[in-house]
Amino acid sequence: MEKEKTITVKKAIVRGMSLPISTKHAINICRFLKGKKIDEAMAMLEKTSKMEFAIPFKGEIPHKKGIPARYPVNASKVFVKLLKSLSANASQKGLDIGKARIHGKADIASRPHKPGRIGRRKFKRTHVLLTVEESS
Numbered sequence: 778m779e780k781e782k783t784i785t786v787k788k789a790i791v792r793g794m795s796l797p798i799s800t801k802h803a804i805n806i807c808r809f810l811k812g813k814k815i816d817e818a819m820a821m822l823e824k825t826s827k828m829e830f831a832i833p834f835k836g837e838i839p840h841k842k843g844i845p846a847r848y849p850v851n852a853s854k855v856f857v858k859l860l861k862s863l864s865a866n867a868s869q870k871g872l873d874i875g876k877a878r879i880h881g882k883a884d885i886a887s888r889p890h891k892p893g894r895i896g897r898r899k900f901k902r903t904h905v906l907l908t909v910e911e912s913s
């Protein structure tokens, strides 16, 4: 009898539910973070919150020539908090943070109305799921 190889996938997850950020910004940040290390991603997002590094955007971006990029300051601050929590979750589960890579997903959340203005304006809300995996 041959022994079967067992592949263990270690995974850590962090969820941000109903975050007050733009879904468009969150989707582009998740696309940018895909496959990066946690420390590298946090450093880039902190530079973005200081408007030193632009996140590349896809889709329609008005008044931009050349490479379309933006500085999503509020969304990058929220993502830095999520990445710190993801790093803590990964170290708690015993993952090697140097080998682990990020995967992210952003979805539209329910959008409540502003109080006092029924039917007028809605808040921005986004669900974000960040996972980090290390396969051995």
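Okay, so the sequence shown: first residue is 778 according to this note's numbering, each after it adds one.
Note that CB positions come from ideal geometry on N, CA and C, so glycine has one too.
### Message
In whole angstroms, give me the CA-to-CA distance for Met828 and Lys870.
### Response
Residue 828 sits at position 51 when you count from the first residue of the sequence shown. Residue 870 sits at position 93 when you count from the first residue of the sequence shown. Between Met828 and Lys870, the C-alpha separation is close to 34 angstroms.
### Message
Quick check on the DSSP output: what are the complete alpha helix (DSSP H) runs of length 4 or more inside the segment 805-841, in order along the chain?
### Response
Taken in chain order, the complete alpha helix (DSSP H) segments of 4 residues or longer contained in the segment 805-841 are 815-826.
### Query
Can you tell me whether Val850 is buried or exposed, with buried defined as 16 or more other CB within 10 angstroms of its CB?
Mapped onto the sequence shown, residue 850 falls at position 73. By the neighbour-count rule (16 or more Cβ atoms within 10 Å), Val850 is not buried but exposed.
### Query
Given a threshold of 16 other Cβ atoms within 10 Å of its Cβ, counted over all protein chains shown, does Thr800 qualify as buried or as exposed?
Within the sequence shown, the letter at position 23 stands for residue 800. Its Cβ being crowded by 16 or more others within 10 Å, Thr800 is buried.
### Message
Pairs of beta-carbons, one from the segment 873-887 and one from the segment 835-849, closer than 8 angstroms: are there three or more?
### Response
no
### Message
With H, G and I counted as helix, E and B as strand and the rest as coil, what does DSSP make of Glu887?
### Response
Against the sequence shown, residue 887 aligns to sequence position 110. Reading off the sequence shown, one finds Ser at residue 887, where the question assumed Glu. Ser887: coil per DSSP, three-state reduction.
#### Entry: For Thr783, three-class secondary structure by DSSP
Looking up residue 783 in the sequence shown gives position 6. Thr783: coil per DSSP, three-state reduction.
### For Ser799, the first and last residue of its enclosing alpha helix (DSSP H)
Counting from 1 along the sequence shown, the entry for residue 799 is found at position 22. Careful: Ser799 lies outside any alpha helix (DSSP H) and carries neither H nor E.
### Query
I think Ser864 touches Leu822, with their Cβ atoms under 8 angstroms apart; what is that distance to the nearest whole Å?
Counting from 1 along the sequence shown, the entry for residue 864 is found at position 87. Counting from 1 along the sequence shown, the entry for residue 822 is found at position 45. Not confirmed; about 13 angstroms, so no contact.
### Message
Alpha carbons only, please: which of Met819, Phe900, Lys876 and Ala877 is nearest the one belonging to Ser887?
### Response
The residue labelled residue 887 in the question sits at position 110 within the sequence shown. Among Met819, Phe900, Lys876 and Ala877, the Cα nearest to that of Ser887 belongs to Phe900.
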